[in-house]
Amino acid sequence: MGGDWLSDHYVTVKTAPSLYSGRMISKEDVAHLENSEPVVEVPIVFNPAIGRFEDENGRMDLIPLWWQRGDFVDHLTGEIGLSERLRSLPPAEREAAIPADVAKLFPQLHIDASFPPTMFIYGEKDTNVSPSESEYTHKQLQEVGVRSELHIVPGAEHGLVILPERKPVPQVEGLYKKGIRVLG
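If you're matching positions, the sequence shown starts at 2 in the numbering used here and goes up one per residue.
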């Protein structure tokens, strides 16, 4: 995640839920979190009864809400209204519109030959983080001579699982082992 936070995937307003969250999240669903204290660790578990991951205080609903509203970038940067300004621009003009004081949060703006070797593993059907993000960053890395591998796993959703059972795809373990070798 983060290969292209300026894409329409993050800045457009959605009218349907992501396949992964399975429902539209309302502001009321997360109102109790508005003035809550930061939390260092909250276990996340898969609830088979509802077919979703959840945590005890509902923070798992924040990212789908921000994605739906197209204001994820506002929450990433702390700059309210940035997503709306980016949404009004053609995609090719968005990188230049990022304020200098938050540019460090966008990896795509910092790709050069000093970037570390990278291996991307994405589910072909990922609806949470578009495989195009990794394709974009992979291409950037190759252009500056950084070792980069891209693996798009057929049939896999976010987290390299097959829906609706959320079972791991068979090749997951082998790809993770390969990733350790590439990065090691």
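Beta carbons are placed, not taken as given, at the ideal position from N, Cα and C, and that holds for glycine.
Worksheet entry | S135 - containing alpha helix (DSSP H), residue span | 132 to 144
- Query: Roughly how many whole angstroms lie between the Cα atoms of S8 and P171?
  - Reply: 30 Å
Distance between L87 and H111 (C-alpha atoms, nearest Å):
19 Å
Which word fits P65, buried or exposed, when buried means at least 16 other C-beta atoms lie within 10 angstroms of its C-beta?
-> buried
Practice item. Just the C-alpha distance for R188 and P132, rounded to the nearest angstrom, thanks. Key: Nothing in the structure corresponds to residue 188, since the chain is present only between 2 and 185.
* **8 Å CB neighbourhood of Q141 in its chain, flanking five on each side removed** => Contacts found: Q109, I112.
query: What three-state label does DSSP hand G175 in the structure shown?
result: helix
- Task: Return yes when the Cβ of D62 is within less than 8 Å of the Cβ of V43, no when it is not.
- Result: no
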